[in-house]
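2 protein chains.
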Amino acid sequence: MPDGDIAEVGAVEDGAPVELFAALADDSRWQILVELSRSPASASALAGRLPITRQAIAKHLRVLTDAGLVDATKSGREVRYEPVGARLSQVARQLDAIARGWDRRLERIRALAEDVGDPS
Amino acid sequence: MPDGDIAEVGAVEDGAPVELFAALADDSRWQILVELSRSPASASALAGRLPITRQAIAKHLRVLTDAGLVDATKSGREVRYEPVGARLSQVARQLDAIARGWDRRLERIRALAEDVGDPS
DNA sequence: TAGGTGTGCAACTGTGGAGTTGCACATCTT
DNA sequence: AAGATGTGCAACTCCACAGTTGCACACCTA
Chain A
1 MPDGDIAEVG AVEDGAPVEL FAALADDSRW QILVELSRSP ASASALAGRL PITRQAIAKH
61 LRVLTDAGLV DATKSGREVR YEPVGARLSQ VARQLDAIAR GWDRRLERIR ALAEDVGDPS
Chain B
1 MPDGDIAEVG AVEDGAPVEL FAALADDSRW QILVELSRSP ASASALAGRL PITRQAIAKH
61 LRVLTDAGLV DATKSGREVR YEPVGARLSQ VARQLDAIAR GWDRRLERIR ALAEDVGDPS
């Protein structure tokens, strides 16, 4: 089964990627992602550009890494992080599939209601 | 400017829809969305199918409505809720645009590093 | 006019997460 | 070897939020 091929019904009922949305539901993490998209950097480097502590950033990077939104590469004593577009695209496709599923179901229900409630 | 046309850079820097992700980052809210996608219902009706209180559901519906993920229709003394696919599709497009932006920037950086660091 | 059903608002509790400080360990440089 | 820089772990505080109970109000119906 191809990766991008997600049944729109199953995508809803199998449970949506709640953990990933939680990862994206934080301003600091988006700031980090923006900085990393400008240029990959280490936690300490990010600490120089953001208003929060290195340790706080490290925690956020942990969350982002677990969610698959960021890739960590150890190089000597420092760890270089960079954003991963693939994961985000995957979620985008999933969301679109779910949205289409909603619309299809509602369409069906409306058509049914039309037949029963207003048979002219 | 067409609705679907989102500059991939601006989409990142103007701030991502964090509020919407927060709305999606809850299991109970997804359960509610699934139920509503099966068939639109009121808060009390949902309370019969979900393991939480009507009041808790009402709070979640408020969040979902504010996020534009659910549409409320008052009919007599009851309020009928139904999911809105359009909002979710919009976010999907936004995420995809952001992801492509990441990939493009990293590509550019890599190409640059190739020229400088390994001029063969 | 009651009684039942659906909503709304307010206060309270419990918990998870964001951010901090402090310290220990690893690694590069001189 | 010694100092400097980067990272990791642990404990603590603070606060937003999920969920609850309790009550008041609005609306259909007998």
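Protein sequence lines correspond, in order, to chains A and B. Going by UniProt numbering, 71 is the number at position 71 of the first sequence; the sequence numbering is gapless. Going by UniProt numbering, 1 is the number at position 1 of the second sequence; the sequence numbering is gapless. The C-beta atom is built at its ideal place from N, Cα and C for all residues, glycine as well. Quick caveat, the model's predicted, so the values are computed rather than measured.
Cβ contact annotation for Pro83 of chain A (same chain, cutoff 7 Å, sequence separation greater than five): Leu33, Leu36, Ser37, Leu69, Val70, in chain order. Counting every other CB atom within 10 Å of its CB across the protein chains shown gives Arg105 of chain A a total of 16 or more, marking it as buried. Non-local C-beta neighbours of Lys59 of chain A in its own chain, meaning closer than 7 Å and more than five positions away in sequence, are absent. Identification of chain B residues near Pro51 of chain A by a Cβ-Cβ cut-off of 9 Å yields none; the smallest Cβ-Cβ distance measures about 16 Å. Listed as beta-bridge partners of Val70 of chain B by DSSP are B:Pro83. Put simply, the CB of Leu112 of chain B is far from chain A, with every gap to its CB atoms at 7 Å or more. A residue is called buried when at least 16 other Cβ atoms come within 10 angstroms of its Cβ; Leu20 of chain A meets this threshold and is buried. Under the three-state reduction of DSSP, Ala25 of chain B is assigned to coil, being neither helix nor strand. By the Cβ rule, the segment 86–101 of chain A counts as touching the segment 89–99 of chain B, because three or more pairs are nearer than 8 Å. Among the residues facing chain B, Leu64 of chain A is not included, as its CB has no counterpart in that chain under 7 Å away.
Using a CB distance below 9 Å, the part of the segment 99–111 of chain B facing chain A consists of Ala99, Arg100, Gly101, Trp102, Asp103, Arg104, Arg105, Leu106, Ile109, ordered along the chain.
Counting every other CB atom within 10 Å of its CB across the protein chains shown gives Ala23 of chain B a total of 16 or more, marking it as buried. Separation of Pro17 of chain B and Asp26 of chain A (C-alpha to C-alpha, rounded to the nearest whole angstrom) is 10 Å. Against chain B, the CB of Asp71 of chain A has no partner CB under 7 Å away; the residue lies outside that interface. At a C-beta separation below 8 Å, Val18 of chain B has these neighbours in chain A: Leu24, Ala25, Asp26, Asp27, Trp30. Proximity of Ala41 of chain B to chain A, defined by a Cβ-Cβ separation below 7 Å, is not satisfied.
When the Cα atoms are used, Arg29 of chain A and Ala67 of chain B turn out to be separated by approximately 20 Å. With fewer than 16 other CB atoms across the displayed protein chains lying within 10 angstroms of its CB, Arg62 of chain B is exposed. Identification of chain A residues near Glu78 of chain B by a Cβ-Cβ cut-off of 7 Å yields none; the smallest Cβ-Cβ distance measures about 17 Å. Per DSSP, the unbroken alpha helix (DSSP H) holding Leu46 of chain B starts and ends at 43–49. In the three-state reduction of the DSSP assignment, Ser75 of chain A falls in the strand class.
Here the alpha carbons of Leu50 of chain B and Trp102 of chain B stand approximately 39 Å from one another.
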